[in-house]
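As you go down the protein sequences, you meet chains A and B in turn.
Add 397 to the 1-based position in the first sequence for my numbering, that's all there is to it.
Add 834 to the 1-based position in the second sequence for my numbering, that's all there is to it.
Note that CB positions come from ideal geometry on N, CA and C, so glycine has one too.
Please read the structure below before turning to the comments.
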Amino acid sequence: MAERLIELRDISKSYGHVYALGGVNLSVDRGEVVGLIGDNGAGKSTLIKILAGVVKPTSGEILIRGKPVTGWSAARSRDAGIETVFQDRALAVQQTIVRNIFMGRELTGWFGWLKVGKEIEEASRLMREIGFTSKVFTPQSIVGQLSGGERQGVAIARAIYKQADLIILDEPTTALSLTETAKVFHFVRQVRASGRSILFIGHNIHHVYDIADRFVVLDRGKVALAADRSEVKSAEDLINFMEDVAHPGGLAGLHDAGNAKQAAR
Amino acid sequence: MSKTMEPDLQNPLGNSHSDATRKEWKHPSDHWMRRFVLDNRAALGTLGVFIVMMAVFMIANPTVFTTWYLYSSVLTTLPVALFVVVPLVFVVTCGEIDLSFPATMGFASWVFAVVVQAGYDPFLGIAAALVTGTLLGFLVGSLVVYGGLSSLIATLGMNFLLRGLIQIINEGKSTALTSLADSWAYKIFSSQIYGIPVQIFWAIAFVVLSALLYNRHRFGAQVKVVGDNPDSAQQMGIDVKRVRVKVFVFVGIGAAIAGTFSVMINFTWWPTAGDGYLLPVLASVFVGGTPTWGGIGTVVGGAIGAVTVSFIQTGVVAAGLSGFYVQFFNGLIIILSLLGHKWNQARYR
């Protein structure tokens, strides 16, 4: 069995009286692509922010490679080998591509002085690696001049710089063209092939179905379904299930299967 | 920043890697001069404004503007402003503002005056002033950042509070420090070399070091990112609050240096020390080309802005106009500079 990279145990998060997450269990093994699906307000973003260390859970436990973590923060999350490509891409648009790639992880020499030459060199290597083909931009171009897809590229370049074990992609294909979406898919497969893991969050169930090894459906702060690829016959199955969750009483078959699966875990 | 123009701190001799990299990203803007102009457009714009203004002054009154005395008097007082303008560029870049620096100048220089008057060496006084400035900066920064207050209002309040404290304790009385004239500290920090006030060299060193800090150091990089997009900075693991407190501490240190210099120049500490710097210093930052919205800025531009602002006052009077014109020209230069910068730099979103 593959190594268990990260495990969330009974994670809850409430904002005042509003529950965003109510006892979520989620795990990601090495080398697998987990697709996280859910409607708006299902708690996907909160879950990602907890993994990224930006939001602290109200209760629950986070285990990295089997060890429970303490003092979880964004910096700790990145140190633990988790990189997140946020939905809004988390870029500082008035800064250069280099500054964005090394945001919070500046390459420094003595006394915190930047290794500017090395940063530029690494940034151009990363840009080549992710197939950033435009020759119009240099690593010192301002991110605000880039298109949406190119900005996504910068966010992804930042995520792969440290050979992270787990890359979280939050709605990576939203607002991207077909070719750009294809690039993202290619990237996901590359990462999996290199033995690293991806948590892929998507609205587009077809996209998630195409790429993921395992599916987790969130609904109103709880895991409504956790299924391996073999258990889901087609993207339509997933869509039906989602509809069923949203409007109970519909197609019962998979729902029951899902519940049984959930109970078994 | 152009590699051709700027020394690479890591590889002072240059290396083949970066050359190869540059070839692959060949682009018209790779020409060092074009890049230099693009990277420094705000500072160069400010320089342009300054040159035009000086040209107008010189045409208006050539005799006064070719005498050294005029420049010598500007160079005496300008350094005091530079020590606060530069840290303020960091604060504004970080998306904050600090209006408490005049009181910090007064407070830190008061500590300096007390130590010197008590008969201790002025160097000890400078050290005490620096500690005071650091602590006050930390206090103001913590209040804004951890108290979650608006920096505009909170620092304005701190300015009144600290100034009031100075006035209450001193009952409006000044301190004369005649013994300073014979001290080593005075010779090193405030005398003249070949008729040039020595403090300008210290100020230039401060500007250069700060410009490097701004462009070539992790601190500057994080200040810019925090001012640009604090949420993203936090998501990428930057301790946003800490960076914000640090910029206020930097202003505190700069204000302490500025206050101490102003006392050494005048041999006297006044309870109002620093008060007159509030508006000219703020104007210098924005005339210099640092925009109000945070994320970007220019230290060198701010310094040129300070030079411009301090020449307006001297220049208007020297050009033969009455002192009534000073405010008018101050305003004119500020508005023209802002219009220039607006046209000169785009805001990316």
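Over the uninterrupted alpha helix (DSSP H) stretch that includes A/Asn664, give me the two end residues. This structure cannot settle anything about residue 664 of chain A, because the visible part of chain A is limited to 398 through 662.
Partners in chain A for B/Gln1068, counting only beta-carbon separations shorter than 7 Å: Val451, Ala471
Counted within 10 angstroms of its Cβ, other Cβ atoms place A/His604 as buried (16 or more) or exposed: buried
Option in B/Trp1103, B/Ile1138, B/Ile1003 with minimal Cα separation from B/Phe1120: B/Ile1138
So what does A/Phe582 bridge to, in DSSP terms? Answer is none; A/Phe582 lacks a bridge partner.
From the DSSP output, read off the bridge partner residues of B/Ile1030. According to DSSP, which records beta bridges pairwise, B/Ile1030 is partnered with B/Ile1027.
Short CB-CB distance (under 8 Å) between A/Trp510 and chain B: yes
For B/Ile1030, the nearest candidate out of B/Asp873, B/Thr911, B/Leu872, B/Leu973 (CA to CA): B/Thr911
Is the CB of B/Tyr954 under 8 Å away from at least one CB in chain A? Taking Cβ atoms only, chain A never reaches closer than 8 Å to B/Tyr954, which makes this a no.
Segments assigned alpha helix (DSSP H), at least 4 residues, entirely inside the segment 596 to 624 of chain A: List check, alpha helix (DSSP H) in window: 602 to 608.
I'd like to know whether the C-beta atoms of A/Ser470 and A/Gly450 end up nearer to each other than 8 Å. If you check the CB distance, A/Ser470 and A/Gly450 come in under 8 Å.
Could I get the ranges of all uninterrupted alpha helix (DSSP H) runs contained in the segment 1091 to 1137 of chain B, with 4 residues as the minimum, in chain order? 1112 to 1121
Which bits of chain B does A/Glu503 rub up against, with CB to CB less than 7 Å? Arg1052, Ala1055
What is the DSSP secondary structure of A/Thr469, reduced to helix, strand or coil? The sequence shown places Trp at residue 469 of chain A, rather than the Thr named in the question. Note: A/Trp469 maps to coil in three-state DSSP.
Could you tell me whether the segment 1077 to 1091 of chain B touches the segment 965 to 984 of chain B, where touching means 3 or more Cβ pairs closer than 8 Å? yes
Anticipated Cβ contact below 8 Å, B/Phe917 with B/Ile1038, distance rounded: 11 Å between Cβ atoms; not a contact.
Does the segment 891 to 904 of chain B come close enough to the segment 1047 to 1063 of chain B that 3 or more CB-CB pairs lie under 8 Å? The segment 1047 to 1063 of chain B vs the segment 891 to 904 of chain B: no contact.
Rounded straight-line distance, which links the Cα of A/Asn601 to that of A/Leu433: Each residue's CA atom was taken as its position, placing A/Leu433 and A/Asn601 some 11 Å apart.
Between the segment 539 to 553 of chain A and chain B, which residues of the former have CB atoms less than 9 Å from a CB of the latter, in chain order? The segment 539 to 553 of chain A vs chain B, Cβ under 9 Å: Ile539, Val540, Gly541, Gln542.
If the cut is a Cβ gap below 9 Å, which residues of chain A does B/Lys1058 touch? Per Cβ cutoff of 9 Å: Ala489, Gln491, Gln492, Arg496.
With a cut-off of 8 Å, do at least 3 Cβ pairs link the segment 487 to 507 of chain A to the segment 1061 to 1070 of chain B? yes
Contact check, A/Arg496 vs B/Val1059 under 8 Å by CB: the rounded distance? 7 Å
Uninterrupted beta strand (DSSP E) stretches inside the segment 446 to 492 of chain A (no shorter than 3 residues): 456 to 461, 479 to 482
My understanding is that B/Phe891 touches B/Gly1157, with C-beta atoms under 8 Å, so please give their C-beta distance in whole angstroms. Wrong, their Cβ atoms sit about 15 Å apart, outside the cutoff.
Closest to A/Gly514 by CA distance: which of A/Ile527, A/Gln537, A/Phe508 is it? A/Gln537
Is it the case that the segment 1001 to 1010 of chain B contacts the segment 869 to 882 of chain B, given that we only count it when at least three CB pairs across the two stretches are under 8 Å? no
Against chain B, with Cβ distances strictly below 8 Å, would A/Phe483 count as a contact? yes
State the Cα-Cα distance for the pair B/Leu878 and B/Thr1124, rounded to the nearest angstrom. If you draw a straight line from the Cα of B/Leu878 to the Cα of B/Thr1124, it comes to about 12 Å.
Which chain A residues sit within Cβ distance under 8 Å of B/Asn1063? Counting only Cβ-Cβ distances below 8 Å, B/Asn1063 has contacts in chain A at Ala487, Leu488, Ala489, Val490, in chain order.
What residues from chain A crowd round B/Ile1087, counting only those whose CB sits closer than 9 Å? Ordered by position in chain A, no residue passes the 9 Å Cβ test against B/Ile1087, which lies about 17 Å from the chain.
C-beta contact flag for A/Thr481 and A/Ile565 at 8 Å: Contact flag set, yes.
So is A/Met518 buried or exposed if we call it buried at 16+ other beta carbons inside 10 Å? It is Glu, not Met, that sits at residue 518 of chain A in the sequence shown. Buried, because 16 or more other Cβ atoms sit within 10 Å of the Cβ of A/Glu518.
Excluding the 5 residues preceding and the 5 following B/Ala942 in the sequence, name in chain order all residues of the same chain whose CB lies nearer than 6 Å to its CB. Ala963, Thr966, Gly967, Ala1090, Gly1093
Among the candidates A/Asp610, A/Ile403, A/Val431, whose CA atom is the shortest distance from the CA of A/Asp567? Looking at the Cα atoms, A/Val431 is the closest of the given residues.
Between the segment 619 to 640 of chain A and chain B, which residues of the former have CB atoms less than 9 Å from a CB of the latter, in chain order? none
State the CB to CB distance for the pair B/Leu909 and B/Ile1022, rounded to an integer number of angstroms; the pair is presumed to be in contact (CB under 8 Å). In fact, because the Cβ distance is near 17 Å, the residues do not count as touching under 8 Å.
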